[in-house]
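Peer 1:
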Amino acid sequence: MSVPELPAGAILDASAGAPHTTIDALAPGGSLLIVAPHPDDETFGCGMALAAAAAKRRRIAIVLLTDGEGSHPNARTITPEELAVLRFGEFEAALAVLVPSQEIDVLRLRQPDGRTRYDPALLEKVIPFARERNVSAVWSTWQDDPHCDHETAALLGRAVAHACAIPFWQFAVWGRFGEGAVPSGLSIFDDPQTKTLKREAIAAYKSQIDPKAIDDPHGFVMPPALVSHFADHPEVFISG
Numbered sequence: 010m011s012v013p014e015l016p017a018g019a020i021l022d023a024s025a026g027a028p029h030t031t032i033d034a035l036a037p038g039g040s041l042l043i044v045a046p047h048p049d050d051e052t053f054g055c056g057m058a059l060a061a062a063a064a065k066r067r068r069i070a071i072v073l074l075t076d077g078e079g080s081h082p083n084a085r086t087i088t089p090e091e092l093a094v095l096r097f098g099e100f101e102a103a104l105a106v107l108v109p110s111q112e113i114d115v116l117r118l119r120q121p122d123g124r125t126r127y128d129p130a131l132l133e134k135v136i137p138f139a140r141e142r143n144v145s146a147v148w149s150t151w152q153d154d155p156h157c158d159h160e161t162a163a164l165l166g167r168a169v170a171h172a173c174a175i176p177f178w179q180f181a182v183w184g185r186f187g188e189g190a191v192p193s194g195l196s197i198f199d200d201p202q203t204k205t206l207k208r209e210a211i212a213a214y215k216s217q218i219d220p221k222a223i224d225d226p227h228g229f230v231m232p233p234a235l236v237s238h239f240a241d242h243p244e245v246f247i248s249g
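Residues 10 to 249, numbered by my numbering, are exactly what the sequence shown covers, in order.
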């Protein structure tokens with residue numbers, strides 16, 4: 010996946026005139042399930058809305074497709090297993106900022122980071138997890154994000170929502186950049202109160218935003234302009 014240095018693209022242009030959505034529309038009561046491909050997507054992609062949902066007393070549950078162990082494959086001082094532990098610690102720290110009022114149930118599927126493909130067998134784990142928590146809506150990354158793990162998370166999220174007969178929303182992460190078709194059902198979520206929390210939660214992901222955090226010159230580091238963009242820009246949701 011090619012990471013742009015600057016935030017620009019057709020979806021961002023379209024989002025300037027997109028309708029604003031609400032937590033009552035995105036998460037209509039009960040519990041919310043987020044299917045995230047890696048630890049950090051729940052924060053960068055929908056951290057404001059996640060915090061707002063928790064503030065409105067929605068119970069939050071998260072499915073982590075991977076542990077994010079593949080972000081720095083050439084690191085010399087940390088193994089993939091240790092990186093998975095580090096990134097889960099960042100994930101917990103970010104959630105403690107976004108959702109300080111509740112303990113979040115997390116299901117880790119431990120699929121291979123950067124190499125996932127949709128497998129219907131995963132539903133045997135995720136559907137019971139969702140039903141036990143009386144989930145009333147599912148969010149995932151967007152199926153057209155240019156990353157296989159994001160696509161897998163979207164396919165899994167849609168299948169769970171269909172099986173449970175509940176609303177499904179996708180949030181665009183990498184797919185918001187670059188040129189391409191703008192999907193129907195586009196809306197944006199913005200909340201000044203939870204935006205402050207999102208900025209603080211993003212800072213927990215040092216392994217993904219600090220070039221000095223891990224000694225891999227070719228590992229993933231989000232460009233500073235994109236960090237600022239995700240911290241400040243409204244979140245982009247696509248229905249269905």
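The C-beta atom is built at its ideal place from N, Cα and C for all residues, glycine as well.
Since the structure is predicted, the reported quantities are computational estimates derived from the model, not experimental observations.
For I197, list the residues DSSP reports as bridge partners.
Peer 2: Against the sequence shown, residue 197 aligns to sequence position 188. Partner residues in the beta bridge of I197, as assigned by DSSP, are H29 and V245.
Peer 1: Grouping DSSP H, G and I as helix and E and B as strand, with all else coil, what is I211?
Peer 2: Against the sequence shown, residue 211 aligns to sequence position 202. In the structure shown, I211 sits in a helix (DSSP, three-state: H, G or I).
Peer 1: Can you check whether the CB of C55 is closer than 8 Å to the CB of W254?
Peer 2: Outside the shown range of the chain, which is 10 to 249, sits residue 254, and nothing can be said about it.
Peer 1: So, under 8 Å CB-CB, K204 and T52 are touching, yes? Tell me the CB distance rounded to an integer number of Å.
Peer 2: Start at 1 with the first residue of the sequence shown, and residue 204 comes out as number 195. Start at 1 with the first residue of the sequence shown, and residue 52 comes out as number 43. Rounded to whole angstroms, the Cβ separation of K204 and T52 is 12 Å, and the two are not in contact under 8 Å.
Peer 1: Would I32 and A58 qualify as a contact pair, given that the criterion is a beta-carbon distance under 8 Å?
Peer 2: Sequence index remark: in the sequence shown, residue 32 carries index 23 (1-based). Sequence index remark: in the sequence shown, residue 58 carries index 49 (1-based). Yes, the Cβ-Cβ distance between I32 and A58 is below 8 Å.
Peer 1: Using a Cβ-Cβ cutoff of less than 6 Å, which residues in the same chain neighbour A27 once the five nearest sequence positions on both sides are dropped?
Peer 2: Here residue 27 corresponds to residue number 18 of the sequence shown, with the count starting at 1. So the qualifying residues of the chain are L195, S196 and I197.
Peer 1: For F8, which of helix, strand or coil comes out of DSSP?
Peer 2: One cannot answer for residue 8 here, as it falls past the ends of the chain, which runs 10 to 249.
Peer 1: Go ahead and label H171 buried or exposed: buried means 16 or more other beta carbons lie within 10 angstroms of its beta carbon, across all protein chains shown.
Peer 2: The count along the sequence shown starts at 1 and reaches residue 171 at position 162. Taking all protein chains shown into account, H171 has fewer than 16 neighbouring C-beta atoms within 10 Å of its C-beta and is therefore exposed.
Peer 1: For H29, count the other beta carbons within 10 Å of its own beta carbon; 16 or more makes it buried, fewer makes it exposed. Which is it?
Peer 2: Counting from 1 along the sequence shown, the entry for residue 29 is found at position 20. Exposed, by the Cβ-count rule.
Peer 1: Taking 8 Å as the limit between beta carbons, can you name the residues of its chain near D154, skipping five residues before and five after?
Peer 2: Your numbering for residue 154 matches position 145 in the sequence shown. Cβ neighbours of D154 beyond the five flanking positions: E160, A163, A181, V182, W183 and G184.
Peer 1: Could you name the residues that DSSP lists as bridge partners for A23?
Peer 2: Here residue 23 is taken as the residue at index 14 of the sequence shown, counted from 1. Answer is none; A23 lacks a bridge partner.
Peer 1: In chain order, what residues of the same chain lie with their CB nearer than 8 Å to the CB of C157, ignoring the 5 residues before and after it?
Peer 2: Your numbering for residue 157 matches position 148 in the sequence shown. Once the five neighbours on either side are set aside, the close Cβ partners of C157 are G123, R124, T125 and R126.
Peer 1: Would you mind sorting D219 into buried or exposed? The rule is 16 or more other CB atoms within 10 Å of its CB.
Peer 2: To locate residue 219, count along the sequence shown from 1; it is residue 210. Exposed, since its Cβ has fewer than 16 Cβ neighbours within 10 Å.
Peer 1: Find out if the Cβ-Cβ distance for the pair W178, L35 is shorter than 8 Å.
Peer 2: Within the sequence shown, numbered from 1, the residue matching residue 178 stands at position 169. Within the sequence shown, numbered from 1, the residue matching residue 35 stands at position 26. Going by C-beta atoms, W178 is nearer than 8 Å to L35.
Peer 1: Might you give, ordered along the chain, the residues of its own chain that have their beta carbon closer than 6 Å to the beta carbon of I175, omitting 5 neighbours on each side?
Peer 2: Within the sequence shown, numbered from 1, the residue matching residue 175 stands at position 166. Hits under 6 Å: S145 and A146.
Peer 1: With a threshold of 8 Å, are at least 3 pairs of Cβ atoms found where one atom belongs to the segment 79-90 and the other to the segment 132-142?
Peer 2: Result no; under three Cβ-Cβ pairs closer than 8 Å.
Peer 1: Can you find the residues in the same chain that come closer than 7 Å, C-beta to C-beta, to V115, ignoring five residues on each side of it along the sequence?
Peer 2: Start at 1 with the first residue of the sequence shown, and residue 115 comes out as number 106. Hits under 7 Å: I71 and L73.
Peer 1: Once the 5 residues before and after A23 are set aside, which same chain residues still bring their CB inside 8 Å of it?
Peer 2: Here residue 23 refers to the residue found at position 14 of the sequence shown. V191 and L195, listed in sequence order.
Peer 1: Considering only the alpha carbon of each residue, which of L118, P226 and T86 lies closest to A130?
Peer 2: The residue you call residue 130 lines up with position 121 of the sequence shown. The shortest C-alpha separation from A130 is found at L118.
Peer 1: Would you kindly check if the distance between the Cβ of V106 and the Cβ of A234 is under 8 Å?
Peer 2: Within the sequence shown, residue 234 is the residue found at index 225, counting from 1. Within the sequence shown, residue 106 is the residue found at index 97, counting from 1. Cβ distance not < 8 Å, so A234 and V106 don't count as in contact.
Peer 1: Please confirm whether P13 and G166 have their CB atoms less than 8 Å apart.
Peer 2: As a first step, residue 13 is located in the sequence shown; it is residue number 4 there, counting from the start. As a first step, residue 166 is located in the sequence shown; it is residue number 157 there, counting from the start. Contact: no.
Peer 1: By DSSP, does T86 sit in helix, in strand, or in coil?
Peer 2: In the sequence shown, counting from the first residue as 1, residue 86 sits at position 77. Coil at T86, not helix or strand.
Peer 1: What does the Cβ neighbour count give for Q202, buried or exposed, with the cut at 16 atoms within 10 Å?
Peer 2: Here residue 202 refers to the residue found at position 193 of the sequence shown. Exposed, because fewer than 16 other Cβ atoms sit within 10 Å of the Cβ of Q202.
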